[in-house]
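Below you'll find the structure, written out as structure tokens, and then a few comments.
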Amino acid sequence: QKEVEQDPGPLSVPEGAIVSLNCTYSNSAFQYFMWYRQYSRKGPELLMYTYSSGNKEDGRFTAQVDKSSKYISLFIRDSQPSDSATYLCAPKRGRDDKIIFGKGTRLHILP
Amino acid sequence: GAVVSQHPSWVICKSGTSVKIECRSLDFQATTMFWYRQFPKQSLMLMATSNEGSKATYEQGVEKDKFLINHASLTLSTLTVTSAHPEDSSFYICSARPFSGISPDTQYFGPGTRLTVL
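Chains as they are written, first to last, in my numbering: chain A, 1 to 111; chain B, 1001 to 1118.
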């Protein structure tokens, strides 16, 4: 079983819709959970960062972590065409540990 | 804040030559820098971790004599691909973890360098 699993997509939704991106992981030692956005041929950009279980909101983005089920979600409200990108789920165990990246989910927001 | 630059953004070279890629943290000091490789439609794969002033730690399966990493200062790390071959063609991305101040628990990524070996 891979440490981090994401549906690669592509996921296509109309502009304005709520987007739900999900990720599962197998290592119960993960404590830090990040979501990165990566545009084509660009480096990843940190979107959200949470520690342990719970929710975190930042503007149109909400990250949820459920450690009991090893399930991570990213919600995007009022989606925009500029949100079209690949979203990478990226957990890690401790501050000094390496990030384990999922393969990413490609998202297309249709105007 | 938290800007990381890479140079060059893309490079084409002949098989057998060496290529150097620079990674700089522009507005913060980074105790640790990371080098990743990403193939099309694949995730980022960590190649090595470098700490300023010490030898890099390479991931299993990464040839340290082929991918030379030098972390010369708290704002600069370089990756040299020696005797490059077509299979080394990839997207190379660096990241830097802040020394202090802004969120120390995350990494900030550069824009990547696309290497094509003919």
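Beta carbons are placed, not taken as given, at the ideal position from N, Cα and C, and that holds for glycine. These numbers come from a predicted model, not from an experiment.
When the beta-carbon positions are compared, residue 1038 of chain B and residue 1089 of chain B stay at least 8 Å from each other. In this chain, the beta strand (DSSP E) harbouring residue 1114 of chain B covers 1113 to 1117. In the DSSP assignment, residue 54 of chain A falls within the beta strand (DSSP E) that extends over 54 to 58.
Using a Cβ-Cβ cut-off of 8 Å, residue 102 of chain A counts as an interface residue toward chain B, since at least one Cβ of chain B sits closer than that to its own.
Going by beta carbons, residue 81 of chain A and residue 44 of chain A fall outside the 8 Å limit. Residue range 1076 to 1081 is occupied by the beta strand (DSSP E) that includes residue 1076 of chain B. Looking at the DSSP output, residue 1070 of chain B shares a beta bridge with B/1078. What residue 1109 of chain B touches in chain A, judged by beta-carbon distance under 8 Å, is 36, 43, 44, 45, 46, going in chain order.
Under the DSSP assignment, residue 38 of chain A falls in the beta strand (DSSP E) whose first and last residues are 32 to 38.
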